[in-house]
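Below is one structure, written out as structure tokens, with a few remarks after it.
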Amino acid sequence: MASTLSQLKLDWPHGLRAKLLRRYEHKPLVSCLVGLYGCRWRRYERSFTQPGECCCNKVEGVSFVLLLVAFCLTLVFLYFWGQAKNDYNDFDWFNFGILGFWFPWSVVLLVIAAGFFTYITVLTLLAVCLLSEGQKLYLHWSHKIGILVSLTFSIVATAVLSDLWSKEWKTLLLSFQITAPYLHVGGVLLMTALAWTIALHFFRMSSRVRQGLILGFYLSILSALYLVPLGLYSPCIKEDGTLGPAPALLGHRGAPMLAPENTLMSFEKAVEAGSEGLETDVTISFDGVPFLMHDQTLKRTTNIHEVFPNRTDQPAAMFTWSELESLNAGAWFLSHDPFGTVGSLGADDRLRAEKQPVCSLRDFLQLAARKDKLVIFDLYRPPRGHPYRDTWIQRTLEVIQNESSILSSQVLWLPSDLRALVQEMDPELQQTSGSRLPLEELQSNNIMKLNLHYSAMSAQLVREYAAVNISTNLYVISQPWLFSLAWCSGVQSVTTNAPQILTSMRSPLLVMSPDEYNLMWILTDVASLVLILVIFFFHWWRERGLAFCTGGKITPDNGTYSKFKTELSDIWSVSSTHSQAERTPNLATVSEH
């Protein structure tokens, strides 16, 4: 008995080696993979890749390459459109202006992009799993058509959006300043996971050229991922204690997710949400009453098609104030639900929103005066033939100075027309520029604040302006990741559609010290490299052992898994003999009793 146990202990490494050298074919899994990928559900349709053979023929090789290209393009487009969510509302209203009816095209495009990406990702995973199981690739013709459709969609959608909405590429670049650390880790993990399949086929290839190509391509991508952090810049990677206060919030047309834009209800909701300022758009009525309206016409945000059906395309400034007062400026919000937030409103808020009228500048300023809030607005010059076309600025100043109780110091004066005259008439106004001008010109015009699109965000630029007492406001920032980036960049204030969301943020989504990021980067790369080396060494050792044991020929065993005979069979025979010997004394003992 003792000698038998000793022999088994000595044979244990050989048994472990035999298990490691055995290449299993997981029959149910392979059947499912082959069926889903190539619609081949019968057993005889499966094909195992022999050592030295290619994993597919030329046609299937091209299909696999197209699948990888489709995966990359659909991923890029999905990421691009996902990061553009901050501007979905602008995209939908842009289409409204072209098509004449409202529809949430941005969400539809996102769903389609996610659908194509999911489909291509599943096919890619199936292909990788088949390769890991040593199976030859055969893609069904229906999937090949699906890949071409996905490729066409990604290319066409990207080209069209690049032509009509090219500024969104700047948004994409900004997003990397927040997501790049996580994308780096995800990319390294993905390439590490692919090491098993790459190593398996690399060591089974007989062609040196193919080996060089596959290894070179893999190592080039892996090296690029390892070194990406060297070129990474993010204002949110900063020393502890250097993060400034959160930017102040200015409600963009109020709180347009909670109430109809540019209505008193919207501005009251913005104040309740914690906004320190209010932003709006001002137009002069035909009889000289400044009122709040963003669009050139009244079609989008009023019921003009019901009250004045023959004047729907007429400029808003060509209506008298009494005509404007007869319009409803809130019902559209409930029917269109532009932000998908109407469902969160209570019954009282819905009833109130439905009855909102067009708001005058005077009422807006009175609200800001009572709540002690800053105001900023775009002022539109009336069209030709309007009585106040040449005196629109003076008329607006009259309302600020004589018809409301707001302090001039609460008004961020944005219009650039006749700025010298405005400063002479009311020097207490906070002069604000909507253009990024040289410092000398800004100082000569007594500019106190810049109002810039968020795509112009730059921590260095913010610091340069702050050094000469010029603060920076960015518009329109509604997504937490963009707000986090503005916060880390030192921006003093932002105009937002979502004050109720941003005011609840206690810290940026990403903020870490350089030492913490370097540690994360180095540990990720080192762990990945070690694991990849172990995987490649294991496959080199196993393929070398298989070639030694079997002369390079695989003998399947009933299709369940592939065994290698000669030495492996001898090892397991010895193990079986020892097990039988161990059981024999036990039987004898039982018979004695």
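Position 280 (the sequence shown) corresponds to 272 in the working numbering; numbering is contiguous.
Using N, Cα and C, we set each Cβ at its ideal position, and we do this for glycine too.
Fair warning: this is a prediction, and the values are worked out from it, not measured in the lab.
#1: Please report the straight-line C-alpha distance between G269 and L256, rounded to a whole angstrom.
#2: By a C-beta neighbour count over all protein chains shown, 10 Å radius and 16 as the cutoff for buried, is C225 buried or exposed?
#3: If we ignore side chains and look at the alpha-carbon of each, how far apart do L235 and C228 end up?
#4: Please confirm whether any heavy atom of the ligand PLP lies closer than 7 Å to the CB of S199.
#5: Rounded to the nearest angstrom, what separates L241 and D340 at their Cα positions?
#6: Measuring CB atoms only, is the segment 483 to 497 touching the segment 455 to 470, in the sense that at least three cross pairs come out at less than 8 Å?
#7: What residue ranges within the segment 492 to 530 form continuous alpha helix (DSSP H) runs of no fewer than 4 residues, ordered along the chain?
#8: Have a look at A451, W384, N438 and flag the residue whose alpha-carbon is nearest the alpha-carbon of F278.
#9: If you follow the beta strand (DSSP E) that I276 is in, where does it begin and where does it stop?
#10: State the DSSP-derived secondary structure class of H378, mapped to helix, strand or coil.
#11: Can you give me the Cβ contacts of E620 inside the same chain, cut-off strictly under 6 Å, excluding the 5 residues immediately before and after it?
#12: Taking Cβ positions, are L118 and L205 nearer each other than 8 Å?
#13: What did DSSP end up calling G243 once you bin it into helix, strand or coil?
#14: Closest to Y457 by C-alpha separation, out of W473, D155, S481, S447, would be which residue?
#15: Mapping the DSSP letters down to three states, classify E160 as helix, strand or coil.
#16: When the distance is taken between beta carbons, is T388 closer than 8 Å to L371?
#17: Have a look at T184, L165, P330, G233 and flag the residue whose alpha-carbon is nearest the alpha-carbon of N596.
#18: In whole angstroms, what is the alpha-carbon distance linking A185 and T516?
#19: Helix, strand or coil: which one does DSSP assign to Y80?
#20: Is D305 helix, strand or coil by DSSP?
#21: Using 8 Å as the threshold, is the segment 358 to 374 in touch with the segment 323 to 338, meaning 3 or more CB pairs across them?
#22: Just mark W33 as buried or exposed, buried being the case when its beta carbon has 16 or more other beta carbons within 10 Å.
#23: Could you pull out every residue in the same chain whose Cβ sits closer than 7 Å to the Cβ of P374, ignoring the five residues on either side in sequence?
#24: Quick check: L290 and F356, are their CB atoms within less than 8 Å of each other?
#25: Tell me whether the beta-carbon of L58 lies closer than 8 Å to the beta-carbon of L143.
#26: Are the Cβ atoms of P96 and D79 separated by less than 8 Å?
#27: Could you tell me the distance, in whole angstroms, from the CA atom of Q127 to the CA atom of F530?
#28: As an exercise, report each continuous alpha helix (DSSP H) stretch of at least 4 residues that is fully enclosed by the segment 449 to 484, in chain order.
#29: Do L91 and W73 have their C-beta atoms closer together than 8 Å?
#30: So which of S199, A265, H176, H193 has the shortest CA-CA distance to L593?
#31: Is the beta carbon of L182 closer than 8 Å to that of Y29?
#32: Assuming T113 is part of the alpha helix (DSSP H), what are its boundary residues?
#33: Could you give the DSSP three-state label for T333: helix, strand or coil?
#34: Pick out the complete alpha helix (DSSP H) segments inside the segment 158 to 237, 4 residues or longer, and give them in chain order.
#35: Can you have a look at T110 and say buried or exposed, based on whether 16 or more other CB atoms are within 10 angstroms of its CB?
#36: Sort out for me which residues DSSP pairs H286 with in a bridge.
Walking through what the data contain:
#1: 14 Å
#2: Note on identity: in this sequence residue 225 is Tyr, with Cys being the wrong assignment. Burial call: exposed.
#3: 8 Å
#4: In terms of ligand content, the structure shown is empty, and the ligand PLP therefore cannot be addressed.
#5: 26 Å
#6: yes
#7: none
#8: W384
#9: 269 to 276
#10: coil
#11: There is no way to answer for residue 620, as the model of the chain reaches only from -7 to 585.
#12: no
#13: strand
#14: S481
#15: helix
#16: yes
#17: Within the shown structure, residues of the chain are numbered from -7 to 585, placing residue 596 beyond reach of any answer.
#18: 13 Å
#19: helix
#20: coil
#21: no
#22: exposed
#23: I276, A309, Y380, R381, W384
#24: Note that the C-beta distance between L290 and F356 is not below 8 Å.
#25: yes
#26: no
#27: So the alpha carbons of these two residues sit roughly 20 Å apart.
#28: 451 to 458, 472 to 481
#29: Contact flag unset, no.
#30: Since the first residue of the chain shown is -7 and the last is 585, residue 593 is not available in this structure.
#31: Between Y29 and L182, the CB-CB gap reaches or exceeds 8 Å.
#32: 97 to 124
#33: T333 carries a coil assignment under DSSP once its states are collapsed to helix, strand and coil.
#34: As far as the segment 158 to 237 is concerned, its whole alpha helix (DSSP H) runs of at least 4 residues are 160 to 196, 200 to 219.
#35: By the beta-carbon neighbour count (other beta carbons within 10 angstroms, threshold 16), T110 is exposed.
#36: DSSP lists no partner for H286.
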